[in-house]
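Residue numbers (the numbering used here): 4 to 310.
(1) Going by the beta-carbon positions, is the gap between residue 192 and residue 213 smaller than 8 Å?
(2) Could you please give the first and the last residue of the uninterrupted beta strand (DSSP E) stretch that includes residue 138?
(3) Excluding the 5 residues preceding and the 5 following residue 145 in the sequence, name in chain order all residues of the same chain whose CB lies nearer than 7 Å to its CB.
(4) Could you pull out every residue in the same chain whose Cβ sits closer than 7 Å to the Cβ of residue 242, ignoring the five residues on either side in sequence?
(5) What's the gap between the Cα of residue 40 and the Cα of residue 203?
(6) Just to confirm the assignment, what range does the beta strand (DSSP E) spanning residue 125 have?
(7) Determine whether the beta carbon atoms of residue 199 and residue 176 lie at a separation below 8 Å.
(8) Do residue 121 and residue 160 come within 8 Å of each other at the CB atom, strictly closer than that value?
(9) Name the residue from 251, 178 and 154 whose alpha carbon lies nearest to the alpha carbon of residue 226.
(10) Using the Cβ count rule (16 or more neighbours within 10 Å means buried), how would you classify residue 235?
(11) Counting only runs of 4+ residues fully inside the region 229 to 267, write out the alpha helix (DSSP H) ranges in chain order.
(12) Taking one C-beta from the region 75 to 91 and one from the region 107 to 115 each time, how about it: are there three or more such pairs within less than 8 Å?
(13) Enumerate in chain order the residues of its own chain whose CB-to-CB distance from residue 188 is below 7 Å, with the five nearest sequence positions on each side excluded.
(14) According to DSSP, is residue 75 part of a helix, a strand, or is it coil?
(15) What is the DSSP secondary structure of residue 169, reduced to helix, strand or coil?
(16) Can you name, in chain order, every residue of its own chain whose Cβ lies under 7 Å from the Cβ of residue 167, other than the five neighbours on each side?
(17) Hey, how far is the Cα of residue 70 from the Cα of residue 96?
(18) Would you say residue 196 and residue 232 are within 8 Å of each other, going by their C-beta atoms?
(19) Residue 250: which of 263, 277, 270 and 266 sits nearest, CA to CA?
(20) Just checking my contact of residue 298 with residue 64 at CB under 8 Å: how many whole Å lie between their CB atoms?
(21) Residue 99 and residue 79: beta carbons closer than 8 Å?
(22) State the CB to CB distance for the pair residue 210 and residue 115, rounded to an integer number of angstroms; the pair is presumed to be in contact (CB under 8 Å).
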């Protein structure tokens with residue numbers, strides 16, 4: 004009887020000791036707070052999502068040049084310059100570029116062959132060496148277009164026809180072509196549309212693309228319309244562009260339209276200004292503010308206006 008009692012007491016004691024020596028998992032985390040807070044060793048540096056968001060080292064300037072009723076945009080990063088359109092034949096764009104272009108223009112983009120976009124490029128091609136020229140392959144019967152194409156052929160630059168999905172890579176900059184997928188629309192809707200990402204600051208340059216092109220870009224499975232900070236408003240702020248769906252997808256913080264003061268078209272149209280206001284965009288126009296320069300380090304941006 005005593006042997007069984009002693010055996011029973013011994014088994015109970017062992018059970019108690021075992022439970023004391025191994026606490027339940029809920030009361031003993033596998034690592035201490037100090038261990039989780041310890042920095043990684045030099046041999047195995049931590050990889051964090053923030054590493055992919057480090058802003059570029061250089062400052063980018065985008066000049067929305069006041070050329071009256073037309074478009075001309077200079078993208079300037081250190082010694083690299085890209086010109087998107089050149090306004091009409093006498094916009095003074097060459098004199099403006101003289102202050103910023105270091106050597107050759109790396110790229111000139113003609114978004115579409117209307118005179119208020121390519122006219123000024125004739126003088127630009129004469130005044131500057133140009134390494135690459137991009138256009139959409141569309142044509143018109145105008146004298147301005149004929150002179151522009153003669154200047155392109157005489158330049159000796161690499162000539163590319165831009166289409167949806169193409170990349171224009173220049174040094175540290177990379178532009179994506181969102182439009183056109185094909186030349187099956189109007190001259191405006193065949194405009195080359197470009198997006199540019201610089202760090203976390205995104206730009207969208209829309210040429211004269213109108214609602215039909217906007218709708219096509221929204222349903223394209225090739226290149227999605229990006230969420231951006233800076234929008235160059237399509238077709239000079241005309242009511243034929245800037246649809247509600249397109250603006251909702253792009254969601255710009257700043258919208259810049261490019262028009263001549265008192266122009267005969269009535270640009271920008273009230274409907275466009277209302278649509279931009281409704282999405283909360285800050286609105287700037289070359290008719291009111293003159294040339295507008297956006298400066299960014301890839302993380303934050305600022306605007307400077309001429310007027």
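Idealized CB from N, CA, C, for every residue including glycine.
So, from the listed chains and residues:
(1) yes
(2) 133 to 138
(3) 118
(4) 272, 274 and 275
(5) Reliability fails at residue 40, whose pLDDT of 40 lies under 50, so the model's placement of it is uncertain and no value is given.
(6) Looking at the DSSP string, residue 125 is not in any beta strand (DSSP E); the run it does join, the alpha helix (DSSP H), is 118 to 130.
(7) yes
(8) no
(9) 178
(10) buried
(11) 247 to 253
(12) yes
(13) 215 and 216
(14) coil
(15) coil
(16) 180, 181, 182, 183, 184, 223, 225 and 226
(17) 7 Å
(18) no
(19) 277
(20) 5 Å
(21) no
(22) 6 Å
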